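Colleague:
Number of protein chains: 2
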Amino acid sequence: MDATRRPIVVVLHGAERPPRMTTIEQNATVRYTTSHHLAEALPGADVLLVWDLRSTALAQVWPAANGLRWVHAAAAGVGHLAIPELINSEVALTNARGIFDEPVAEYVLTVMLAFAKDLPTTMRLQQRRTWMKRETERLAGSSALIIGTGPIGRAIGRKLRAVGVAVSGAGQAARESDPDFDSVVALTDLRAALPKHDHVIVALPLSPATTGLIDAHALRAMRPTARLVTIGRRGLIVTADLLDALDSGTIAGAAIEVFADEPLSPSSPLWDMPNVLISPHMSGDVKGWRDELVRLFADNLDRYIREEPLLNVVDKRLYRR
Amino acid sequence: MDATRRPIVVVLHGAERPPRMTTIEQNATVRYTTSHHLAEALPGADVLLVWDLRSTALAQVWPAANGLRWVHAAAAGVGHLAIPELINSEVALTNARGIFDEPVAEYVLTVMLAFAKDLPTTMRLQQRRTWMKRETERLAGSSALIIGTGPIGRAIGRKLRAVGVAVSGAGQAARESDPDFDSVVALTDLRAALPKHDHVIVALPLSPATTGLIDAHALRAMRPTARLVTIGRRGLIVTADLLDALDSGTIAGAAIEVFADEPLSPSSPLWDMPNVLISPHMSGDVKGWRDELVRLFADNLDRYIREEPLLNVVDKRLYRR
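In order, the protein sequence lines correspond to chains A and B.
According to the working numbering, the first sequence holds residues 1 to 321 in order.
According to the working numbering, the second sequence holds residues 1 to 321 in order.
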């Protein structure tokens, strides 16, 4: 890169611009745009910061990205950015992994404990001013299978182990020894592992290999007392099959944080199911998270300017079809 | 004790008798009674197992306990048993401490996480089929003061530390070094410690020294962002003061599991407060808990018969006025 030239950074935002951009604006020429004007902002730009993760504009205006060298997604999942034009190009793709690991792990522990202690019933009874003792469950001593052994899956594994849960993983390859899991089974052997656990947690990126992974067959392999927690990307779970499984008692319950279509439609039958906890894809959004996202991009931009290796490079091969 | 004579055990129960009494019935003569007939059951009995913890009958019929050597409470709190007749006698008093430590610690972690992740709002929004993202809090990195450094307080301390909470204790004496707490302040210095923490957890037995400990002054010393979790005995907290503090924003919220009068009256204003989580004194009641309570008494009865030291002897001096 020409060291005398400041990089041109396009910031693709939605209703809100990213906060605390001062440092970035000192080191780069920043063009702010929404999806509508992305085509005009891209020509000559070196870097694209995707702040609006729901935008599908890049696929449509890709030819305008004539100087693009790097795309950074301000999220853990790269979502709409996994387009063939980018995936098959030389343009680097990075994400915000790391920032969400701990908050998401806390969310998963929260919903698992809420189910174990039957907190949803307790809250419904409170609304009816009704005192009704029930027996609840211990979480310690139970077992969990975490599908996905990436940074978020590992953070969940460490968090659950800390409170006495026996934790196995399901990843690309089986292995006996792993710092964060008692053992790791291969995703191809998932069906055999599912019946052995009280909790199944889906923490995978969506890729061609994982689309529809949790279908009727997988759900039937789970224990009828088991609960599903999913923080993974849309498309991992076959929603109709999950609805059937919850309705018929194939599994005991589910906490769902990410949906095929967001926001979840008010007409979805999921809202009313007593054994379902719905949260609006916010488990990573702890106070200060936007500041942290910008700080990570600023660090990476420093690396870009100094021609050092970028942090959080996404392995684009996983997204090739 | 006369080794040729089987001990006579009176079981004071309410609507339900304790389960799995076979072993005990093999080793002792068991008289089952409710409060109404306690006076007839006690004469000549060696041991009283108090299964109905809400019974106040013992105080009224104490003179009938003419051979009593040991009273066992099937609970962590000894409640109505802390009567002067028993406290000032030579009769041993034991309780079920230990059995509830882990389940109660899990409950405390559950409500703290539920508040941090704003789960009550998430559930209310789910009932209204409303998708609304909010920013939530991380629990790791926050600080907690556990008032009460007994076995339950310690179990809570270990559980919270395991998920990254900085944990201090408040106990009889201050100390710098403690296996379960970063530091322990003396209860007499409680007021100075309260403003330093994000969470205040009350896990004390009720005794003359602790009655009314959490009053308006203590609540005003807490941070306005702090939340109170109480699993301690009735009487520790001045309910009217807590209501005021919750209503006026003196503190941010409370999870209450034990009440001055149980069941909590349907007319209590606590039920409707949006920043209050009410649970019906059931945090220790995990599946199998009654079996565990009976198993502990059976172990202790073996010790009694073998004239070995009893487990879980209550320090009756704490209850002398």
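Built from N, CA and C at the ideal position, the CB exists for glycine as well.
Note that the coordinates shown come from a computational prediction; the quantities given were computed from them, not determined experimentally.
(1) Could I get the ranges of all uninterrupted beta strand (DSSP E) runs contained in the region 223–311 of chain A, with 3 residues as the minimum, in chain order?
(2) Just reading off the alpha helix (DSSP H) that residue 107 of chain A is part of, what are its end residues?
(3) Buried or exposed for residue 20 of chain B, going by 16 or more other Cβ atoms inside 10 Å?
(4) On the criterion of 16 or more Cβ atoms from any shown chain inside 10 Å, does residue 142 of chain A qualify as buried, or is it exposed?
(5) By the 10 Å Cβ neighbour count, where 16 or more other Cβ atoms means buried, how is residue 104 of chain B classified, buried or exposed?
(6) With DSSP as the reference, label residue 333 of chain A as helix, strand or coil.
(7) Using the three-state DSSP reduction, which class does residue 318 of chain A fall into: helix, strand or coil?
(8) For the region 49–88 of chain B, list the alpha helix (DSSP H) runs that are entirely contained and at least 4 residues long, ordered along the chain.
(9) Out of A:10, A:47 and A:22, state which residue places its alpha-carbon closest to the alpha-carbon of residue 33 of chain A.
(10) Can you confirm whether residue 285 of chain A, when its beta carbon is compared against all beta carbons of chain B, has any partner nearer than 8 Å?
(11) Could you pull out every residue in the same chain whose Cβ sits closer than 7 Å to the Cβ of residue 78 of chain A, ignoring the five residues on either side in sequence?
(12) Which residues in chain B have a C-beta closer than 7 Å to the C-beta of residue 263 of chain A? List them in chain order.
(13) Classify residue 279 of chain B as buried or exposed, calling it buried when 16 or more other Cβ atoms lie within 10 Å of its own Cβ.
(14) In its own chain, which residues sit with a C-beta less than 7 Å from the C-beta of residue 102 of chain A, not counting the 5 before and 5 after it?
(15) Within a Cβ cutoff of 6 Å, which residues of the same chain sit near residue 35 of chain A, ignoring the five residues on either side of it in sequence?
(16) Spell out whether any CB of chain A is found under 8 Å from the CB atom of residue 163 of chain B.
(17) On the criterion of 16 or more Cβ atoms from any shown chain inside 10 Å, does residue 327 of chain A qualify as buried, or is it exposed?
(18) Do residue 219 of chain B and residue 242 of chain B have their beta-carbon atoms positioned less than 8 Å apart in this structure?
(19) Out of curiosity, what's the CA-to-CA distance linking residue 16 of chain B and residue 106 of chain B?
(20) Can you check whether the CB of residue 304 of chain B is closer than 8 Å to the CB of residue 310 of chain B?
(21) Rounded to the nearest angstrom, what separates residue 166 of chain A and residue 160 of chain A at their Cα positions?
(22) With DSSP as the reference, identify every bridge partner of residue 168 of chain B, one or two as the case may be.
(23) Please list, in chain order, the chain A residues whose beta carbon lies closer than 8 Å to that of residue 103 of chain B.
(24) Residue 255 of chain B: which of B:239, B:46 and B:316 sits nearest, CA to CA?
(25) For a contact defined as C-beta to C-beta under 7 Å, what are the partners of residue 257 of chain B on chain A?
(26) What does the alpha-carbon distance come out to for the pair residue 181 of chain A and residue 231 of chain A?
(27) Return the residue from the list B:51, B:80, B:113 and B:272 that minimises the CA-CA distance to residue 164 of chain B.
(28) Does residue 51 of chain B come within less than 8 Å of chain A when only Cβ atoms are used?
(29) Is the CB of residue 243 of chain A under 8 Å away from at least one CB in chain B?
(30) Spell out a yes or no on whether the region 128–135 of chain A and the region 168–181 of chain A are touching, meaning 3 or more CB-CB pairs, one atom from each, closer than 8 Å.
(31) Identify which residue in A:175, A:83, A:282 and A:23 has its Cα closest to the Cα of residue 264 of chain A.
(32) Would you report the Cα separation of residue 29 of chain B and residue 289 of chain B, rounded to the nearest angstrom?
(33) Looking at the secondary structure, which residues open and close the alpha helix (DSSP H) in which residue 201 of chain B lies?
(34) Near residue 13 of chain A, what residues of its chain come up, given a Cβ to Cβ distance below 6 Å and the 5 sequence neighbours on each side ignored?
(35) Any idea if residue 72 of chain A is buried or exposed, counting beta-carbon neighbours within 10 angstroms, 16 or more meaning buried?
Modeller: So, from the listed chains and residues:
(1) 227–230, 253–256 and 276–278
(2) As a working note, residue 107 of chain A is residue 107 in the first sequence. Per DSSP, residue 107 of chain A belongs to the alpha helix (DSSP H) from 101–116.
(3) Here residue 20 of chain B refers to the residue found at position 20 of the second sequence. Flag for residue 20 of chain B reads exposed.
(4) Taking the first sequence and counting its residues from 1, the one referred to as residue 142 of chain A is at position 142. It counts as buried.
(5) Looking up residue 104 of chain B in the second sequence gives position 104. Per the 10 Å Cβ criterion, buried.
(6) The requested residue 333 of chain A is not part of the displayed model; chain A covers only 1 to 321.
(7) Working through the first sequence from its first residue, we reach residue 318 of chain A at position 318. If DSSP states are grouped into helix, strand and coil, residue 318 of chain A belongs with the helices.
(8) 57–61 and 84–87
(9) Position 33 of the first sequence, counted from the first residue, corresponds to residue 33 of chain A. Checking every option, the nearest Cα to that of residue 33 of chain A belongs to A:10.
(10) Here residue 285 of chain A is taken as the residue at index 285 of the first sequence, counted from 1. So, interface residue.
(11) As a first step, residue 78 of chain A must be located in the first sequence, where it is residue number 78. So the qualifying residues of the chain are 93, 95 and 314.
(12) The residue you call residue 263 of chain A lines up with position 263 of the first sequence. Residues of chain B passing the Cβ test: 131.
(13) As a position in the second sequence, residue 279 of chain B is number 279, starting the count at 1. By the neighbour-count rule (16 or more Cβ atoms within 10 Å), residue 279 of chain B is buried.
(14) Taking the first residue of the first sequence as 1, we reach residue 102 of chain A at position 102. Correct list, in chain order: 155.
(15) Mapped onto the first sequence, residue 35 of chain A falls at position 35. Cβ neighbours of residue 35 of chain A beyond the five flanking positions: 55 and 57.
(16) Sequence index remark: in the second sequence, residue 163 of chain B carries index 163 (1-based). It does; some Cβ of chain A falls within 8 Å.
(17) In this structure chain A extends from 1 to 321, so residue 327 of chain A is not present and cannot be described.
(18) Numbered from its first residue, the second sequence carries residue 242 of chain B at position 242. Numbered from its first residue, the second sequence carries residue 219 of chain B at position 219. Yes.
(19) The residue you call residue 16 of chain B lines up with position 16 of the second sequence. The residue you call residue 106 of chain B lines up with position 106 of the second sequence. Their backbone Cα atoms lie some 27 Å apart in a straight line.
(20) Mapped onto the second sequence, residue 310 of chain B falls at position 310. Mapped onto the second sequence, residue 304 of chain B falls at position 304. In this structure, residue 304 of chain B lies closer than 8 Å to residue 310 of chain B by Cβ.
(21) On the first sequence, residue 166 of chain A is found 166 positions in, with the first residue counted as 1. On the first sequence, residue 160 of chain A is found 160 positions in, with the first residue counted as 1. Answer to the nearest angstrom: the Cα atoms are 8 Å apart.
(22) Start at 1 with the first residue of the second sequence, and residue 168 of chain B comes out as number 168. In DSSP, residue 168 of chain B forms a bridge with B:145.
(23) For the purposes of this step, residue 103 of chain B is identified with residue 103 of the second sequence, where counting begins at 1. Going along chain A in sequence order, the residues near residue 103 of chain B (Cβ under 8 Å) are 136 and 138.
(24) For the purposes of this step, residue 255 of chain B is identified with residue 255 of the second sequence, where counting begins at 1. Ranking B:239, B:46 and B:316 by Cα distance to residue 255 of chain B puts B:239 first.
(25) For the purposes of this step, residue 257 of chain B is taken as residue 257 along the second sequence, with counting starting at 1. Within 7 Å Cβ-Cβ: nothing; residue 257 of chain B doesn't reach chain A, min ~10 Å.
(26) For the purposes of this step, residue 181 of chain A is taken as residue 181 along the first sequence, with counting starting at 1. For the purposes of this step, residue 231 of chain A is taken as residue 231 along the first sequence, with counting starting at 1. C-alpha separation (whole angstroms): 18 Å.
(27) Working through the second sequence from its first residue, we reach residue 164 of chain B at position 164. Nearest C-alpha to residue 164 of chain B: B:113.
(28) By one-based count along the second sequence, residue 51 of chain B stands at place 51. Closer than 8 Å: no.
(29) The sequence position of residue 243 of chain A within the first sequence is 243, counting from 1. No, residue 243 of chain A does not count as interfacial toward chain B.
(30) no
(31) On the first sequence, position 264 is the one that residue 264 of chain A refers to. Selected option, being the one with the closest Cα: A:282.
(32) Reading the second sequence from its first residue, position 29 is the one you call residue 29 of chain B. Reading the second sequence from its first residue, position 289 is the one you call residue 289 of chain B. If I take the Cα positions, the gap works out to 24 Å.
(33) The residue you call residue 201 of chain B lines up with position 201 of the second sequence. Element bounds for residue 201 of chain B: not the alpha helix (DSSP H) but the beta strand (DSSP E), 199–202.
(34) One-based indexing of the first sequence puts residue 13 of chain A at position 13. Closer than 6 Å at Cβ, skipping near neighbours: 51 and 52.
(35) Taking the first sequence and counting its residues from 1, one reaches residue 72 of chain A at position 72. The residue in question, residue 72 of chain A, is buried, as its Cβ has 16 or more Cβ neighbours within 10 Å.
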